[in-house]
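Note that numbering that gives the first Met the number 0 gives residue 150 to position 151 of the sequence shown, counting from 1, and the numbers run on in steps of one.
Taking it in order: structure first as structure tokens, then the write-up.
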Amino acid sequence: MQTLLSELCPVCGYHLGTLPWKHREPSGIRCPCCGIEFGRDDWEQGEAGDTRALADLYRKWRKNWIINGIKWSDRETPPPASLNLTEQLLGIGYTLRTELCPVCGVYLGFQAWRGGVASDEICQCCGIQFGYHDWEPDDSLGRQAIYANWRLRWVEGGMRWRSKSRKPPDGWNSIEQLRLIGVEL
Ligand SMILES: [Zn+2]
Ligand SMILES: [Zn+2]
């Protein structure tokens with residue numbers, strides 16, 4: 000169980016201080032950051048020692064956790080002041096930014112651009128369409144300038160959720176979201 004030989008939460012990368020599972024024995028602890036409980040939420044896969052199924056499960060948890068706004072789960076203990084989710088996720092090899100909107104920081108669930116190819120998708124939050132509004136082939140610097148501009152207009156327009164067909168996630172926070180892409184307001 001390679002992913003479980005570490006004391007980092009396999010979902011969010013938080014340092015748990017103990018192994019989530021030890022030889023098919025769950026720790027029974029709940030990650031205060033993403034909320035997964037080892038031995039309950041992953042019981043079936045962990046007990047079977049099925050690392051591939053576990054990795055799948057953790058990936059799904061991570062995705063949902065990110066979609067729901069990357070929130071600290073434990074209501075009783077506040078998050079440490081030093082909490083840096085981008086770095087924390089990097090610790091388990093997950094680059095958060097890859098699937099965040101480069102304009103507004105919302106979790107897209109896809110990469111805006113992959114190599115030189117645009118996704119052609121629209122960000123539900125700020126409304127930019129990748130490959131159309133940011134059409135600068137082979138020029139990621141040019142695109143960065145477009146993003147900065149678009150962001151400025153979005154912020155000045157009151158940071159409104161643009162999509163009519165899809166609602167923002169519960170507790171959606173545009174300022175926190177921007178922080179994830181390194182923009183402090
Ligand atoms: Zn976690
Ligand atoms: Zn966006």
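The C-beta atom is built at its ideal place from N, Cα and C for all residues, glycine as well.
Q) Among T94, N63, I180 and G48, which one has its Cα closest to the Cα of A185? A) One cannot answer for residue 185 here, as it falls past the ends of the chain, which runs 0 to 184.
Q: Please list, in chain order, all residues of the same chain as C8 whose beta carbon is under 6 Å from its beta carbon, the five residues on each side excluded.
A: These residues qualify, in order along the chain: L15 and C30.
Q | Cβ neighbour criterion (16 or more within 10 Å) applied to G141 | A | Sixteen is the threshold: since fewer than 16 other Cβ atoms of the shown chains lie within 10 Å of the Cβ of G141, the residue is exposed.
Q: Classify Q1 as buried or exposed, calling it buried when 16 or more other Cβ atoms lie within 10 Å of its own Cβ.
A: Since pLDDT at Q1 reaches only 47, below the 50 mark, its modelled position is unreliable, and no value is offered.
(Q) Less than 6 Å separating the Cβ of V105 from some heavy atom of ligand 2? (A) V105 Cβ: within cutoff of ligand 2.
Q: Could you tell me whether the Cβ atoms of I66 and P168 are closer together than 7 Å?
A: Against a cut-off of 7 Å, the Cβ pair of P168 and I66 comes out as a contact.
Q) Start and end of the alpha helix (DSSP H) containing K59? A) Residues T50 to I66.
Q. Which of the three DSSP states, helix, strand or coil, is assigned to Q1?
A. In this prediction, Q1 scores a pLDDT of 47, lower than 50, which makes its location untrustworthy; the coordinate-derived value is nonetheless stated afterwards. In the structure shown, Q1 adopts helical secondary structure according to DSSP, grouped into three states.
(Q) Checking 7 Å against the spacing of the C-beta atoms, do Q176 and V105 come in under that value? (A) Yes.
Q) Should the segment 63 to 80 be regarded as contacting the segment 30 to 39, the criterion being three or more beta carbon pairs within less than 8 Å? A) Yes, the segment 63 to 80 is in contact with the segment 30 to 39.
Q | L88 versus Y57, V102 and P77, residue with shortest Cα-Cα distance | A | The candidate whose alpha carbon is nearest that of L88 is Y57.
**Q.** Strand pairing of W112, partner residues [DSSP]
**A.** Looking at the DSSP assignment, W112 forms a beta bridge with A117.
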